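**Student:**
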Amino acid sequence: MFITDIRKEFYDVVVNQRVALLVSSDIDALCACKILQALFHCDQVQYTLVPVTGWQDLGTAFLEHKEQFRYFVLINCGANVDLLETLQPEEDSIFFICDTHRPVDVVNVYNDTQVKLMIKQDDDLGVPSYDDIFRDEEEEGGDDSGNESDGGSEPSGKRRRYDEGEVERRIERQRATREWEGRRREILFDYEQYEYHGTSAAMVIFELAWVLTKDTKDMLWWAIIGLTDQWVHDKITHMKYVTDIATLQRHVSRHNHRNEDEDNSLSIDCMRISFEYDLRLALYQHWSLFESICNSSYTSCNFKLWSMHGQKKLQEFLADMGLPLKQVKQKFNSMDMSVKENLREVIEESSNKYGMKDIRIQTFGVHFGFKNRFLASDVVHAAAALLESTEKDDSPGDNFIKALDCLSRSNLERLHGGIDLAKKKLMAIQQTVASCICTNLILSQGPFLYCYLLEGTPDVKLFSKPMALTLLCKYLLKAFVRSTRNKRCKLLPLIIAAPMNVEKRTVIVLGIPPESETSDKKNFFGRAFEKAAESTSSRTLHDHFDTSIIELKMEDRTKFLDALITLLS
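Quick note: the sequence shown uses UniProt numbering, first residue 1, plus one each step.
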């Protein structure tokens with residue numbers, strides 16, 4: 001059931017209990033977790049934090065902790081399947097779910113006792129009404145009472161007269177039941193057909209902190225990073241992003257206003273959050289402007305930097321801005337102050353001439369003390385790179401802790417390390433996109449485009465991770481749409497497959513909807529993958545919380561794709 005008063009129905013319930021905190025591996029979930037941890041520290045709530053990467057992990061974590069805990073808080077996992085069916089808990093276990101995955105499973109919505117959903121009601125959820133999906137047992141029981149009367153020991157003359165009316169009634173009941181079931185299937189199909197994302201979990205938990213009047217600047221910054229993660233990984237529409245930015249901007253103004261009266265607003269360890277209308281250039285303040293332009297999907301796709309013509313266009317663009325190459329190619333921090341002062345305006349002016357009308361985006365920046373300045377997107381890239389790091393043989397748990405650490409302002413060293421990893425990741429994505437476009441690796445399969453990254457491609461290990469593969473896939477589709485002349489291909493979705501585990505001979509498969517400015521970001525591949533796997537009995541693993549990401553045996557790839565083509569044609 002949906003929680004209407006998050007303070008009374010969630011926080012006041014768990015505040016004197018031991019809580020198991022099961023957190024999904026994405027940046028928004030990490031931020032929500034940080035805010036909740038801070039609240040639990042305030043009230044000395046005992047909790048155990050368990051990172052989970054997929055459904056199997058969630059099941060294992062639940063089995064390990066179900067004896068000691070009665071209350072489970074699930075962040076960014078658990079809403080989009082029937083949780084009680086999946087975990088088979090005892091009747092006294094209670095689950096609080098704060099999840100952005102939509103659609104929410106109807107059984108979770110209508111379970112009043114064990115499943116409590118901390119989900120914003122204004123996310124036009126479109127949940128079907130109870131009567132359309134569930135029937136009371138008395139209604140169904142009507143069939144059985146008719147059957148029992150057949151076995152009765154009444155005299156046969158009486159029985160025949162009684163039966164004629166009874167048979168008609170039973171046929172009528174069965175017909176009504178069949179009609180109802182048909183309608184139910186249609187309603188559920190329409191409701192569950194598309195996967196999409198709702199309000200950021202970090203924002204929902206921040207609102208709880210605000211209601212409790214325990215919100216701090218750090219919590220607000222984490223809420224901002226949670227929202228920015230949804231924008232960086234392209235999970236929400238531009239309209240939704242702008243609306244949520246406005247909500248957070250009001251909180252930022254409130255906090256800044258509160259701090260004006262305090263004396264420490266200029267001390268060396270203070271924290272200042274500011275609303276920015278900044279450039280869509282990844283990590284440009286921690287890189288050189290040139291490298292940032294080359295490795296940001298927005299500019300790279302607009303210039304088509306994988307071609308000689310695109311490289312030439314970039315040089316013309318830099319000349320148009322009147323920036324010396326020496327300045328553009330050195331670290332942003334070392335650029336002349338005279339160049340940096342009105343850099344955003346200069347870039348925006350030249351970008352307009354080159355058709356990049358929306359090079360600037362509403363976002364937030366933070367100052368820690370006097371020296372460190374970060375944009376929200378910098379932190380998202382850094383945390384994502386740490387979370388999916390393939391550099392050392394660290395376990396997913398270690399990476400989770402590192403990514404969680406880099407969000408604290410006491411751990412700026414870790415954040416800078418994450419930014420360095422993120423640069424490598426963005427360069428790897430840019431090079432892979434360039435090679436896929438130049439070697440025509442993207443094939444039109446009829447109803448969708450398909451790209452397979454071969455074993456032995458540089459950085460292929462990086463793309464066995466869901467977030468890195470998602471970024472690559474989105475970037476690749478943008479680049480393909482910019483470079484193809486085929487108008488039909490511009491309207492197609494893209495499926496990408498990359499080697500996942502060489503020993504087990506599995507690939508990771510991911511599908512994204514077509515590229516368009518007005519896209520509603522709804523993804524239909526989750527259902528399609530399930531149906532295709534079922535019809536060909538392909539060996540697949542639907543373990544990821546996003547249904548549009550699956551694991552598949554290499555040998556079954558061809559028949560799986562053939563089934564998808566048939567299904568979507």
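Cβ atoms here follow ideal geometry from the backbone N, Cα and C, with glycine treated the same way.
As the structure is a prediction and not an experimental result, all values here were calculated from the model.
Give the DSSP bridge partners of HIS367, in chain order.
**Tutor:** As a position in the sequence shown, residue 367 is number 367, starting the count at 1. Answer by DSSP bridge pairing, in chain order: ARG272, ARG373.
**Student:** Determine the burial state of PRO51: buried for a count of at least 16 other Cβ atoms within 10 Å of its Cβ, exposed for fewer.
**Tutor:** Counting from 1 along the sequence shown, the entry for residue 51 is found at position 51. So PRO51 counts as buried.
**Student:** Where does PHE480 sit, in a helix, a strand or coil, going by DSSP?
**Tutor:** Numbered from 1 along the sequence shown, position 480 holds the residue referred to as residue 480. Of the three classes helix, strand and coil, the one that applies to PHE480 here is helix, per DSSP.
**Student:** At which residues does the alpha helix (DSSP H) containing ARG557 begin and terminate?
**Tutor:** Counting from one through the sequence shown, the residue named residue 557 turns up at place 557. Residues 557-568.
**Student:** Answer yes if the stretch 171-183 comes into contact with the stretch 494-510, meaning at least three C-beta pairs across the two stretches below 8 Å, and no otherwise.
**Tutor:** no
**Student:** Can you check DSSP and say which residues form a bridge with CYS451?
**Tutor:** By 1-based counting over the sequence shown, the position of residue 451 is 451. According to DSSP, CYS451 bridges with ILE442, ILE496.
**Student:** In three-state DSSP terms, what is TYR354?
**Tutor:** Residue numbering aside, residue 354 sits at position 354 when the sequence shown is read from its first letter. It is coil, neither helix nor strand.
**Student:** Leaving out the 5 sequence neighbours to the left and right, which residues in its chain are closer than 6 Å to GLU515 when beta-carbon positions are compared?
**Tutor:** Counting from one through the sequence shown, the residue named residue 515 turns up at place 515. Around GLU515, the same chain offers LEU477, LYS478, VAL481 as residues with beta carbons nearer than 6 Å, after the five sequence neighbours per side are excluded.
**Student:** With DSSP as the reference, label ASP545 as helix, strand or coil.
**Tutor:** For the purposes of this step, residue 545 is taken as the residue at position 545 of the sequence shown. Correcting the residue identity first, residue 545 is Phe in this sequence and not Asp. Three-state result, PHE545: coil.
**Student:** Going by DSSP in three states, ALA79 sits in which element: helix, strand or coil?
**Tutor:** Taking the first residue of the sequence shown as 1, we reach residue 79 at position 79. In the three-state reduction of the DSSP assignment, ALA79 falls in the coil class.
**Student:** Closest to residue 602 by CA distance: which of SER395, THR390, LEU386, GLY417 is it?
**Tutor:** No answer is possible for residue 602: it lies beyond the span of the chain, which begins at 1 and ends at 569.
**Student:** Tell me whether the beta-carbon of ALA498 lies closer than 8 Å to the beta-carbon of LEU453.
**Tutor:** Numbered from its first residue, the sequence shown carries residue 498 at position 498. Numbered from its first residue, the sequence shown carries residue 453 at position 453. Yes. Within cutoff.
**Student:** Could you say which of PRO128, ALA319, SER538, PHE364 lies nearest to VAL104 if we only look at CA atoms?
**Tutor:** The sequence position of residue 104 within the sequence shown is 104, counting from 1. Comparing Cα-Cα distances from VAL104 to each of PRO128, ALA319, SER538, PHE364, the minimum goes to PRO128.
**Student:** Where LEU541 and LYS326 are concerned, what is the direct C-alpha to C-alpha distance, given to the nearest angstrom?
**Tutor:** As a working mapping, residue 541 is identified with position 541 in the sequence shown. As a working mapping, residue 326 is identified with position 326 in the sequence shown. Each residue's Cα considered, the two are about 51 Å apart.
**Student:** Between LEU407 and GLU276, which are expected to be in contact by the criterion C-beta below 8 Å, what is the C-beta distance as a whole number of angstroms?
**Tutor:** The count along the sequence shown starts at 1 and reaches residue 407 at position 407. The count along the sequence shown starts at 1 and reaches residue 276 at position 276. Between GLU276 and LEU407 the Cβ distance is about 19 Å, and since that is not below 8 Å, they are no contact.
**Student:** What's the gap between the Cα of LEU318 and the Cα of LEU343?
**Tutor:** Working through the sequence shown from its first residue, we reach residue 318 at position 318. Working through the sequence shown from its first residue, we reach residue 343 at position 343. If you take the alpha carbons of LEU318 and LEU343, they lie about 12 Å apart.
**Student:** Could you compute how far the alpha carbon of SER537 sits from the alpha carbon of MET271?
**Tutor:** Here residue 537 is taken as the residue at index 537 of the sequence shown, counted from 1. Here residue 271 is taken as the residue at index 271 of the sequence shown, counted from 1. Distance between the alpha carbons of SER537 and MET271 is about 55 Å.
**Student:** In the DSSP output, what is HIS101 paired with across the bridge?
**Tutor:** As a first step, residue 101 must be located in the sequence shown, where it is residue number 101. Paired residues: HIS197.
**Student:** Quick check: the Cα distance between LYS313 and ILE549, rounded to an integer number of angstroms?
**Tutor:** Residue numbering aside, residue 313 sits at position 313 when the sequence shown is read from its first letter. Residue numbering aside, residue 549 sits at position 549 when the sequence shown is read from its first letter. Whole-angstrom Cα-Cα distance: 36 Å.
**Student:** Measure the Cβ-Cβ separation of ALA468 and GLU517 and say whether it is below 8 Å.
**Tutor:** As a working mapping, residue 468 is identified with position 468 in the sequence shown. As a working mapping, residue 517 is identified with position 517 in the sequence shown. No, Cβ-Cβ distance for ALA468 and GLU517 is not below 8 Å.
**Student:** Apart from the five residues on each side of it in sequence, which residues of its chain come closer than 6 Å, Cβ to Cβ, to VAL433?
**Tutor:** Here residue 433 refers to the residue found at position 433 when the sequence shown is read from its first residue. Closer than 6 Å at the Cβ level, and outside the excluded window around VAL433, lie TYR475, LEU476, ALA479.
**Student:** So the candidates are ALA202, GLU85, GLU91, SER93; which of them puts its Cα closest to the Cα of ASP28?
**Tutor:** The residue labelled residue 28 in the question sits at position 28 within the sequence shown. For ASP28, the nearest C-alpha among the options comes from ALA202.
**Student:** Just reading off the beta strand (DSSP E) that THR48 is part of, what are its end residues?
**Tutor:** Here residue 48 corresponds to residue number 48 of the sequence shown, with the count starting at 1. Unbroken beta strand (DSSP E) run through THR48: 46-52.
**Student:** Would you mind working out which of ASP234, PHE189, SER410, VAL252 sits nearest THR216, comparing C-alpha positions?
**Tutor:** In the sequence shown, counting from the first residue as 1, residue 216 sits at position 216. Among ASP234, PHE189, SER410, VAL252, the Cα nearest to that of THR216 belongs to VAL252.
**Student:** Got a sec? Which residues, its chain only, sit under 6 Å from ARG539 by beta carbon, not counting five neighbours each side?
**Tutor:** Working through the sequence shown from its first residue, we reach residue 539 at position 539. Answer for ARG539: LYS553, ASP556, listed in chain order.
**Student:** With a threshold of 16 other CB atoms inside 10 Å of the CB of ASP229, please say whether the residue is buried or exposed.
**Tutor:** As a first step, residue 229 must be located in the sequence shown, where it is residue number 229. ASP229 comes out buried.
**Student:** Just to confirm the assignment, what range does the beta strand (DSSP E) spanning ARG18 have?
**Tutor:** As a working note, residue 18 is residue 18 in the sequence shown. Per DSSP, ARG18 belongs to the beta strand (DSSP E) from 18-24.
**Student:** Using the three-state DSSP reduction, which class does ARG360 fall into: helix, strand or coil?
**Tutor:** Within the sequence shown, the letter at position 360 stands for residue 360. Strand, per DSSP.
**Student:** What residue does the alpha helix (DSSP H) around LEU220 start on, and which one ends it?
**Tutor:** Position 220 of the sequence shown, counting from 1, holds the residue named residue 220. Counting along the chain, the alpha helix (DSSP H) containing LEU220 begins and ends at 217-232.
**Student:** What does the Cβ neighbour count give for GLY198, buried or exposed, with the cut at 16 atoms within 10 Å?
**Tutor:** Within the sequence shown, the letter at position 198 stands for residue 198. Looking at its Cβ environment, which holds 16 or more other Cβ atoms inside 10 Å, GLY198 is buried.
**Student:** Counting only the same chain and skipping the five closest in sequence on each side, list residues whose C-beta sits under 7 Å from that of SER296.
**Tutor:** Stepping through the sequence shown from its first residue, residue 296 is reached at position 296. Hits under 7 Å: ARG280, LEU281, ALA282.
**Student:** Taking contact to mean 3 or more Cβ pairs, one atom from each stretch, closer than 8 Å, check whether the stretch 376-384 and the stretch 412-426 are in contact.
**Tutor:** yes
**Student:** Over what stretch of residues does the alpha helix (DSSP H) that includes ILE133 continue unbroken?
**Tutor:** Position 133 of the sequence shown, counting from 1, holds the residue named residue 133. Its alpha helix (DSSP H) spans residues 130-133.
**Student:** Determine the contact status of ASP43 and VAL15, defining contact as a CB-CB distance below 8 Å.
**Tutor:** For the purposes of this step, residue 43 is taken as residue 43 along the sequence shown, with counting starting at 1. For the purposes of this step, residue 15 is taken as residue 15 along the sequence shown, with counting starting at 1. Yes, Cβ-Cβ distance for ASP43 and VAL15 is below 8 Å.
**Student:** Would you call GLN46 buried or exposed, if buried means 16 or more other Cβ atoms sit within 10 Å of its Cβ?
**Tutor:** Indexing the sequence shown from 1 puts residue 46 at position 46. Its Cβ having fewer than 16 others within 10 Å, GLN46 is exposed.
**Student:** Can you round the beta-carbon distance between ILE236 and LYS521 to whole angstroms, since I take them to be within the 8 Å contact cut?
**Tutor:** The residue given as residue 236 occupies position 236 in the sequence shown. The residue given as residue 521 occupies position 521 in the sequence shown. Indeed, because the Cβ distance is near 6 Å, the residues count as touching under 8 Å.
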